[in-house]
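Colleague: With the numbering used here applied, the sequence shown corresponds to residues 25 to 125, in that order.
Quick reminder that beta carbons are idealized off the backbone N, C-alpha and C, glycines included.
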Amino acid sequence: MKKEQKRISKRMKELRGKLRKKAKGGKYYYRLTITNGVRKEFALKTTDEAEAIQKAADLDAVYEAPNQEVAFAQINAIKGFSKRAMQLTFAEGWEKYSSHP
Numbered sequence: 025m026k027k028e029q030k031r032i033s034k035r036m037k038e039l040r041g042k043l044r045k046k047a048k049g050g051k052y053y054y055r056l057t058i059t060n061g062v063r064k065e066f067a068l069k070t071t072d073e074a075e076a077i078q079k080a081a082d083l084d085a086v087y088e089a090p091n092q093e094v095a096f097a098q099i100n101a102i103k104g105f106s107k108r109a110m111q112l113t114f115a116e117g118w119e120k121y122s123s124h125p
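1) Per DSSP, which one or two residues make a beta bridge with residue 52?
2) Please report the straight-line C-alpha distance between residue 116 and residue 123, rounded to a whole angstrom.
3) Quick check on DSSP: helix, strand or coil for residue 26?
4) Could you compute how far the alpha carbon of residue 119 sits from the alpha carbon of residue 62?
5) Give me the Cα-Cα distance between residue 111 and residue 103, rounded to the nearest whole angstrom.
6) With the cut-off set at 8 angstroms, would you say residue 52 and residue 45 are in Cβ contact?
7) Where do the N-terminal and C-terminal ends of the beta strand (DSSP E) with residue 65 fall, by residue?
8) Rounded to whole angstroms, what's the CA-CA distance from residue 65 to residue 56? Just pull it up for me.
9) Among the residues of its own chain, which have a CB less than 8 angstroms from the CB of residue 7, if the five just before and after it don't count?
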């Protein structure tokens, strides 16, 4: 158990913002300071600390994206849109493959 706690505390130090709970045993929130000292708080919708850290790290990746297109791709990955399989025929798949940059 101690090993798990060390791993969790190390991952928490790598985050840009702070994890917090508004109530004992409640869900986690992630507070992040963005440009000009503006603070944003995101509901992570989980009571599990390890899962909250992972969701916070995903949000950090969105804020560190070099451009808007990359940020949108990361948001889609977080929501699971990029994991959905497409049932394409070979011809349709080849068309998508050949036109993709």
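Modeller: Reading from the atomic positions:
1) 45
2) 11 angstroms
3) DSSP places residue 26 in helix when its eight states are reduced to three.
4) 45 angstroms
5) 20 angstroms
6) Their beta carbons are under 8 angstroms apart, which means residue 52 touches residue 45 by this criterion.
7) 63–67
8) 6 angstroms
9) Past the boundaries of the shown model lies residue 7; the chain is included only from 25 to 125, so the question cannot be answered.
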